[in-house]
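Colleague:
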Amino acid sequence: MGENYCSNCHKELVTCPTCKGKGMAWNDLRKRNEQCENCNGTGKLCSKHGNDH
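Position 19, counted from 1, in the sequence shown is what the numbering used here calls 197; the numbers after and before it change by one each time, with no gaps.
1. Can you tell me which residues form a DSSP beta bridge with G228?
2. Run through DSSP, which three-state label would N211 get?
3. Work out the CA separation of C194 and A203 for me, nearest whole Å.
4. Tell me where the beta strand (DSSP E) around C205 begins and ends.
5. What are the partner residues of E190, as DSSP defines its beta bridges?
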């Protein structure tokens, strides 16, 4: 189906609100940008499953 759709339910993926689609997010403990834990660095989430795509 392509990388813009969830492989489980085929819903269209939405932009990750944590990293705003960048795939990197600020880590306060380490004081640096790291791979976003919310979307696993993809920058997109399934609105139904979260990062499970």
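Ideal Cβ placement from N, Cα and C applies to all residues, glycine included.
Modeller: Reading it off the structure:
1. Position 50 of the sequence shown, counting from 1, holds the residue named residue 228. In the DSSP output, where bridge partners are listed per residue, G228 has C224.
2. As a first step, residue 211 is located in the sequence shown; it is residue number 33 there, counting from the start. Looking at N211 - three-state DSSP - the assignment turns out to be strand.
3. Within the sequence shown, the letter at position 25 stands for residue 203. Within the sequence shown, the letter at position 16 stands for residue 194. Going from the Cα of A203 to the Cα of C194 covers about 10 Å.
4. Along the sequence shown, read from residue 1 onward, the residue named residue 205 stands at position 27. Checking the sequence shown, residue 205 turns out to be Asn, not Cys. Residues M202 to N205.
5. Within the sequence shown, the letter at position 12 stands for residue 190. Paired residues: Y183.
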